[in-house]
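Each remark here refers to the structure printed beneath this line.
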Amino acid sequence: MDVNTAFSWLLIFPMISSAVIYLVGRTFSRSVKIENRTNPARWLALLALLVTGVFLYFVIKNVFSTGQTHYQNFGEVWFRFDGISLLLSLLVLVLGILVTIYSFTYVGKEPGEEKFYALLVIMIGAINGLGCALDLFNLWVWFEVMTISSIVLVAFYKDQAASLEAGVKYLIQSATGSVMVVLGIALIFLETGTLNIETLRMSISSPTPFLIIGGALMVIGFGVKIAMVPLHTWLPDAHSQAPSGISAMLSGVVIEVGLIALLRALGGIALSGGRWGYLLIGFGVLNMIVGNLLALRQKEVKRMLAYSSLSHVGYMLLGFGVLISLNGLMAGVGAIFHLITHGLMKSLAFLAAGVFLYNFHISKGSHKPLILDDLNGASRKYPFTAFAFSIALLSLGGLPPLAGFMSKWQLLAGVAQTQNTIMIVLVVFAGLMSVLSLGYYAPLVNRMYRKEPAAIVMEGEPVSIWMYIPMVILTLAVVVLGFVPSILYWLTGPAGYSLFIFFGQ
Amino acid sequence: MNISTSMIVLTAVMGLFGIGLYCLLITRNLIRVLVGLQIMVKGAMLVLVFVGQSQGQPSLGQSMALTVIVADTIVAVVGLALAVQVKRSIGTLDIADISKLKR
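In order, the protein sequences belong to chains Y and A. Numbers 1 to 505, taken from my numbering, label the letters of the first sequence in order. Numbers 1001 to 1103, taken from my numbering, label the letters of the second sequence in order.
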């Protein structure tokens, strides 16, 4: 297939198929009265994602045979498919397909099932587009599509007070952030007269007040999505109240996508002299401290995992900050590797926690949260799920030989390579934070394996096959990446480089 | 476009933005919070139109403002739908009353 055709379909196909999924699912659920028939929306969603994957394959094949980047325009709007776009599309499609399979059971009995799949597909399509956007305003449009679909997904259980509250918080904070981004874009446009990131980079010579204000507004606006620390208050609510598959997507991809969007936007104006990287490093340090300390005192499993996302974003901010300000290419590559492994292991953790939550509470019609005590002795009745959860937790805590250790190692080694005293201190600090994070991961493993089973565990339902498949794949991925991290160098290297060329002096 | 016009526009933008932000910060009613958000977006839209004009690309600025209107309408629709659900299942629109989740 021609690369231009494949690329156009890569962007358009999820949007079209989302509408089809909703219409077919809605027609089906209104017309068929029999309770036990499965809604075809789920199979359509899986098919749509697989077909998108085929288009992505054709784009990748051509991009690798002709060089590293592919430019394409629709009228005045330019797209650029490079290492970062490849990374985001691949990660989001793999996780999206796994989450779709997982949700066959998880939302299978909910009334609005077709809405779930339609919104999930449109969210994945928006992330695909966001990775390729070369225009600040276009970047914002994809970002907004992603935000709106994820807001509705967070408030999926629309009769539950807690999930509505999470949705409201998420909506108000994200929408305020979006307005800030628009204002920032407008100020940059006022100063330079262009919005194309590459042209912008050429046309800027010195920092001016409007550029600095615009950049700061974008840091705040995208920072809401990344959950930089003073702006993080929506995150634990949204991640813990969403259906578990969506928690996995939000935590594994969406917050990282905000980070990539911020880096793309800053890439245009980085030469304006502002030391944006130091700002990111500062936020990274705050994120690590606050995320770890708040996670230590959580009683609910999914809230704890949500807070641990904060600290992992802190590591990525540190790596990308070093990439921007100190030309540390290796730190950027490490941060990108951490982005991938965090996506895999945090999704695995949320999916496994979701298995417990579903079988203990949701399948019995209750919407209570999964608290730590519920996990006591879970390995007796759910050996594989407990094993997968332990792998995910230990990997998040950075124990060798799992993927989380390898990515943290690469990231911190990259930071240390800058030979800067403050950065060495930060490396030590990040290592200590990683040890601190074991303080809340390890007790969970202990609970699952060494305590007597709680009553709620013994009354739990058996796990369905649709939930096993994604967990097996993700567990394998986390373990294999820990032993052979080099199998992803073809992905992380180009991605790091395509960020680097925007910031290199 | 002379200086005085741009000063007037930018002052109006900052005013709208400030009013919206103030409204967002002090009100406790969910509907009013959404209205405050709308006022902020109107400020941002005005600056887009103004910037397009001053850069000599009025159609670009206006088309961006139109896109913002569409996106903003969707946000408003989702927000109001959530507000309806909140009112139905919690029985109040006061933000302080609906926040039960722990920090």
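Beta carbons: idealized from backbone N, C-alpha and C, even for Gly. The structure presented is a predicted model; accordingly, all values stated were derived computationally and were not measured.
Cutoff 8 Å; reference residue i; Cβ partners in own chain excluding five residues on either side
i	result
Leu11 of chain Y	Phe79, Gly125, Asn128, Gly129 and Cys132
Tyr441 of chain Y	Ser308, Leu393, Leu394, Leu396 and Gly397
Cβ neighbours of residue i in the same chain (closer than 6 Å, five flanking residues each side left out)
i	result
Val229 of chain Y	Leu286, Asn287 and Val290
Phe427 of chain Y	According to the sequence as given, residue 427 of chain Y is Val; it is not Phe. Leu412, Val415 and Ala416.
Val92 of chain Y	Ile124, Ile127 and Val253
Gly1058 of chain A	The question names Gly, but residue 1058 of chain A in the sequence shown is Pro. The residues are Gly1052.
Tyr358 of chain Y	Tyr106
Leu491 of chain Y	Leu87
Ser309 of chain Y	Ser251
Ser103 of chain Y	Gly245
Per-residue burial, residue i [other beta carbons within 10 Å of its own, 16 or more giving buried]
i	result
Tyr1022 of chain A	exposed
Tyr382 of chain Y	buried
Pro111 of chain Y	exposed
Arg37 of chain Y	exposed
Asp1094 of chain A	exposed
Lys519 of chain Y	Here chain Y has residues from 1 to 505 only, and residue 519 of chain Y is not among them.
Gln173 of chain Y	buried
Met1040 of chain A	buried
Val154 of chain Y	buried
Tyr315 of chain Y	buried
Gly202 of chain Y	First, the residue type needs correcting, since residue 202 of chain Y is Met and not Gly in the sequence shown. Result: exposed.
Thr1011 of chain A	exposed
Asp237 of chain Y	buried
Gln419 of chain Y	exposed
Ile336 of chain Y	buried
Val484 of chain Y	exposed
Ser19 of chain Y	The residue asked about is misnamed: residue 19 of chain Y is Ala in this sequence, not Ser. Burial call: exposed.
Met458 of chain Y	exposed
Val313 of chain Y	buried
Met1014 of chain A	exposed
Asn73 of chain Y	exposed
Val333 of chain Y	buried
Gly75 of chain Y	exposed
Tyr489 of chain Y	exposed
Glu113 of chain Y	buried
Neighbour list for residue i in chain C, Cβ cutoff strictly below 9 Å
i	result
Asp159 of chain Y	Looking at the structure shown, chain C is missing, and the protein chains on hand are Y and A.
Under 7 Å between C-beta atoms of residue i and residue j
i	j	result
Ala45 of chain Y	Val121 of chain Y	yes
Ala306 of chain Y	Leu231 of chain Y	no
Ile226 of chain Y	Leu183 of chain Y	no
Leu195 of chain Y	Asp135 of chain Y	yes
Ile1031 of chain A	Ala161 of chain Y	no
Ser506 of chain Y	Ala388 of chain Y	Within the shown structure, residues of chain Y are numbered from 1 to 505, placing residue 506 of chain Y beyond reach of any answer.
Ile204 of chain Y	Leu271 of chain Y	yes
Gly284 of chain Y	Leu317 of chain Y	yes
Ile269 of chain Y	Leu190 of chain Y	no
Leu372 of chain Y	Lys299 of chain Y	yes
Ala118 of chain Y	Tyr22 of chain Y	yes
Ala297 of chain Y	Ser240 of chain Y	The sequence shown places Arg at residue 297 of chain Y, not Ala. For Arg297 of chain Y and Ser240 of chain Y, no; Cβs fall outside 7 Å.
Phe500 of chain Y	Leu293 of chain Y	no
Ser249 of chain Y	Val99 of chain Y	Going by the sequence as given, residue 249 of chain Y is Met instead of Ser. Yes; because the gap between Cβ atoms is below 7 Å, this pair is in contact.
Residue-chain proximity (residue i, chain A), Cβ-Cβ < 7 Å
i	result
Ala270 of chain Y	no
Interface flag, residue i vs chain Y, CB-CB below 7 Å
i	result
Gly1036 of chain A	no
Ile1039 of chain A	no
Val1051 of chain A	yes
Ala1012 of chain A	no
Ile1098 of chain A	yes
Val1009 of chain A	no
Leu1048 of chain A	yes
Leu1082 of chain A	yes
Same chain, Cβ closer than 7 Å to residue i, five either side skipped, listed in chain order
i	result
Lys1042 of chain A	Leu1016
Ala477 of chain Y	Leu344
Ser464 of chain Y	Thr105
Open item on the list: Under 7 Å, CB to CB, which of the residues in the segment 138-156 of chain Y have a partner in chain A?
Closed with: Correct list: Val141, Glu144, Ile148, Ile151, Val152 and Ala155.
Open item on the list: Can you pull out the residues from the segment 1063-1079 of chain A whose beta carbon lies closer than 8 Å to at least one beta carbon of chain Y?
Closed with: Correct list: Met1064, Thr1067, Val1068, Ala1071, Ile1074, Val1075, Val1078 and Gly1079.
TODO: Could you please tell me which residues of the segment 163-177 of chain Y, in chain order, have their CB closer than 9 Å to any CB of chain A?
DONE: The residues in question are Leu164, Glu165, Ala166, Gly167, Val168, Lys169, Leu171, Ile172, Ser174, Ala175 and Thr176.
Task: Positions along the segment 180-194 of chain Y whose CB lies within less than 7 Å of some CB in chain A - done: Hits within the stretch, in order: Val182, Leu183, Ala186, Phe189, Leu190 and Gly193.
Task: Cβ-based contacts, 9 Å cut-off: residues of the segment 1015-1033 of chain A near chain Y - done: Residues of the segment 1015-1033 of chain A with a C-beta atom less than 9 Å from some C-beta of chain Y are Phe1017, Gly1020, Leu1021, Leu1024, Leu1030 and Val1033, listed in chain order.
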